[in-house]
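Below you'll find the structure, written out as structure tokens, and then a few comments.
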Amino acid sequence: MAEYETQYQSLASYDEEEDTDDNEIPIHDTNFMIHVVPESSRWNHIENLDDFFARVYNFHQRGGYVCMVVEDILQLIQFVFVVWFSTFLASCVRYEVLFANGPNITNHKVTIPEAIRPFDQCLAEFDFGIVLSLLVALVFWTFRLIKVIYSIVKYTEIRSFYIHALNISAAELPNMTWHEVQRCLLEVQKEQQMCIHKQELTELDLYHRILRFKNYMIAMVNKSLLPVKFKVPFVGDYAFLSTGLKYNLELILFWGPWSPFENNWKLKEDFRQSHRRKHLAEMLSKRILWIGIANLVLSPLIFLWQILYSFFRYAELIKRQPGILGARRWSNYSRLYLRHFNELDHEYNARLNRGYPAANMYMNIFTSRITIIMAKNVAFFAGSLLAVLVVLSVYDEDVLSVEHILTTISLAGLVVTACRVLIPDEHMVYCPEVLMRNILSHIHYIPDSWKGNAHTYKVRDEFAILFQYKLSYLLEELVSPLVTPFILCLSLRHKSLEIVDFFRNFTVTVVGVGDVCSFAQMDVRKHGHPEWAHKVKTDTNQHNQAEDGKTELSLMHFHLTNPEWKPPNTGGTFIQTVREEAQKEMSSLGTAQSEMPGVIQGMFNSHLPSLGLLPSMLNQGMGYNSLASSIAMQSTLYSPTTTSAAPSGASGGHGVHHRLKGGISQIEGPIGAGNFGMLSSMTSSGSLQGSGIGIVPHSAQPRVDEGTLEMMSHDMSFSALYLHDLQFKRSHGQSGGENLDDIRARAMWQRQDSNQPTTHVQMANIQEMHQEESQEELLTHIPSAAEEGEQSISHQPSAAKGDGHHPLE
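Letter 360 of the sequence shown, counting from 1, is numbered 360 in full-length UniProt numbering, and no numbers are missing.
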């Protein structure tokens, strides 16, 4: 709770002869001291800043006080409805009357009252199982009610903080980004000292407090400490991290009564002492065992709840859109594996959403020919039956009264819709390598083994662990109550000693913040990877380093999202080094392009601004030249601006309003960030303009412009691809990149699941390879991706050698 700052005011004495109302207190000659607590001074020395800052963030992201209160109350009502409706269906419906199967059934039309039992008969139908389920549900609902009441009290406190301390009204909140709220928070700290251990807080301090436990989870997944990946017979590698399992992991490791943490911000002292590690591991193992047994005992009730809740939530949606089960989503495992340290929820969701179209398109490449054949034939038979029944019912509606006709029509419609999901677009041609780089530019993490092998089923199966079917997700949630106890008792228990060592070795105390995961400090020197932290001295080994470049990419992302934050010396050196190397490669790219023949140069100048592409393989390699085209592709996918700046009053199709309608709070960074990223700095220096990419310098754009809003995400995409390419070349000892034959072979790979030939050839991205000995010209097709996820990408290589024709003819 806040300690209130005391202020005293001295009031002069009133004249005794002055008239007073009955409600006024007469004050005589003696001065009267009144204790006044200004509303704006209530926030100094907040005891639990983790909880407070998290509530401030959630208040902003969930839309304010009214939205949060209404949502919580409706969730309580929803729980009551599910329990009541399930009990009603189990005990109060006369199904023999409803289905007309009873012995005393007449031919008259059954009414609703006839099919429902009276209240006393409903109660008589309650057996022991129903009564026990209702009692458990009542206890659970009571706890949720108490929690909601407590939360509403906290919402009121946070609303007061927004109004009186941050000076943000309820009307202004929906139109403010988190970056603006965060800036106000840092200013309030200077005035009111919410944290008394530090005069000024930084952006990283706020992120540490909001994401303290989340950073630990990300680090544990990065170091493969948590048992969430398994070898499943007949399936292979599989990642299982259901919502229930994740809840139990957080209960055991962070906020439960026996967790290693003394409170929200302090690790227990015993866990800092190495000589007690075995004893602590044994105690942790026993606690995990007991929690696993409790999950096993409650699993029947939880399993029943999962079935009922899933049925009421998804049954109507599946009937209306059967293809929804064939859609894909980012798995719960990927939401930890792909997440940066110190990345807030809205930042992470925005990044995954940008990568969703390309990821979905990539997975659609791998369709089985036999599956397509079977789907087409099943759809034909079911569609024929459906068409006949529909025509008959239109001709005479009495057909609908025939037994099971409506059921047959509904099932036939579901089968036809489900089969159509399995049949790919006959005009679609794919290029897996370009799609995989497109995906990498957003998700930022892929294994090295995927590079150059995106067309293989091995990579497809590994990517499916991150990008799963929604049906798989629903099945995971259904079986979670049955599987979670065994994972806790048989797998997590054996990790107890490693968990204890992890907390001891990777916990540091930060002044004004408390104990945090040392990986979240993003210290390249301490936790950097030698293959990623190029030209930066690191003191790491296999045990201390973060895998997959997590430290370096997290540092780059946080720097771009919070440009006012000043990284430590090692981090600043790393960022500056990468920026300088990227600028050198960009300069060399501009020089190489300026030497191209006039015909090809003219083609680039005329088409690249509209396509948003760069010649991607001028130097054969996997360096900047190939990643620049992928980055520029994002400009086509998400930003329709060209080389001319949009008018200051532009809106509509090319403005920001159609894309951010009702969602400005989801913007990742500051709206007018300025030239803070590598791509931004190179744009402002003129390098990118010279190479034909349609990106506008920050200084030339209006403050609220789609190009400005998207520039930060482009900067991060650029950084991720560039760092991956540098790491790939260093780890494989390459100086010039891949072999040209390998590039050409993959460019030739294409897939079209159709029995009809493709008759159109899409625009090719032509590039010329200047070599002193061969003087060879190479034409490589670079795909153009359309907006809204309807993308068509193809490669069409060809050679033009001495035939006397123009290359485009």
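Even for Gly, the Cβ is constructed at its ideal location relative to N, Cα and C.
Note that this is a predicted model, so its numbers are computed, not measured.
Reduced DSSP category for residue i - H, G, I as helix; E, B as strand; rest coil
| i | result |
| --- | --- |
| Tyr95 | helix |
| Arg460 | helix |
| Tyr337 | helix |
| Thr408 | helix |
| Arg42 | coil |
| Leu267 | strand |
| Thr570 | helix |
| Asn619 | Note that Asn619 scores 34 on pLDDT, short of 50, meaning its location in the model is unreliable and no value can be drawn from it. |
Residue environment, residue i, which counts as buried when at least 16 other CB atoms sit within 10 Å
| i | result |
| --- | --- |
| Tyr95 | exposed |
| Glu433 | buried |
| Val297 | exposed |
| Gln468 | buried |
| Pro113 | exposed |
| Asn295 | buried |
| Trp290 | exposed |
| residue 828 | No statement about residue 828 is possible, as the shown extent of the chain runs from 1 to 809 and does not include it. |
| Glu191 | exposed |
| Lys542 | Correcting the residue identity first, residue 542 is Gln in this sequence and not Lys. The residue is exposed, with fewer than 16 neighbouring Cβ atoms inside 10 Å. |
| Trp532 | buried |
| Gly129 | exposed |
| Arg313 | exposed |
| Ala100 | exposed |
| Phe728 | buried |
| Phe381 | exposed |
| Trp43 | buried |
| Lys246 | buried |
| Ala327 | exposed |
| Tyr155 | buried |
| Phe119 | exposed |
| Leu400 | exposed |
Enclosing alpha helix (DSSP H) for residue i [first to last residue]
| i | result |
| --- | --- |
| Phe519 | Segment: none, Phe519 is in no alpha helix (DSSP H) and carries neither H nor E. |
| Gln61 | Leu49 to Gln61 |
| Val513 | Unbroken run through Val513: none, as it is neither H nor E. |
| Asn364 | Asp345 to Ile365 |
| Tyr445 | Element bounds for Tyr445: n/a, residue is neither H nor E. |
| Ser554 | Lys550 to Thr561 |
| Val536 | Careful: Val536 lies outside any alpha helix (DSSP H) and carries neither H nor E. |
| Leu497 | Ser496 to Asn505 |
| residue 810 | Residue 810 falls outside the range modelled here, since the chain spans only 1 to 809, and no answer is possible. |
| His527 | Val524 to His527 |
Nearest-angstrom beta carbon gap, residue j and residue i [assumed within contact, 8 Å]
| i | j | result |
| --- | --- | --- |
| Val513 | Arg209 | 6 Å |
| Phe503 | Pro260 | 5 Å |
| Val524 | Val536 | 6 Å |
| Val148 | Asp72 | 5 Å |
| Ser299 | Pro485 | 6 Å |
| Tyr342 | Asn215 | Correcting the residue identity first, residue 342 is Asn in this sequence and not Tyr. Rounded, the Cβ-Cβ distance is 7 Å, consistent with contact. |
| Leu389 | Val416 | Actually they do not touch by this definition, with Cβ atoms about 12 Å apart. |
Element boundaries [beta strand (DSSP E), containing residue i]
| i | result |
| --- | --- |
| Asn332 | Per DSSP, Asn332 belongs to no beta strand (DSSP E) and is neither H nor E. |
| Asn263 | Phe261 to Asn263 |
| Phe467 | Phe467 to Tyr469 |
task = Just list the beta strand (DSSP E) runs in the region 182-259, keeping only unbroken ones of 3 residues or longer that don't cross its boundaries, in chain order.
result = If we require 3 residues or more, the beta strand (DSSP E) runs fully inside the region 182-259 come out as 229-232 and 236-239.
ask   = Where in the region 101-164 do unbroken runs of the alpha helix (DSSP H), each at least 4 residues long, occur, reported from the N-terminal end onward?
value = Qualifying alpha helix (DSSP H) stretches, in chain order: 112-115, 119-124 and 128-160.
message = List, from N- to C-terminal side, the alpha helix (DSSP H) runs of 4 residues or more that fit wholly inside the region 384-439.
response = Taken in chain order, the unbroken stretches of alpha helix (DSSP H) that lie wholly in the region 384-439 and span 4 residues or more are 405-422.
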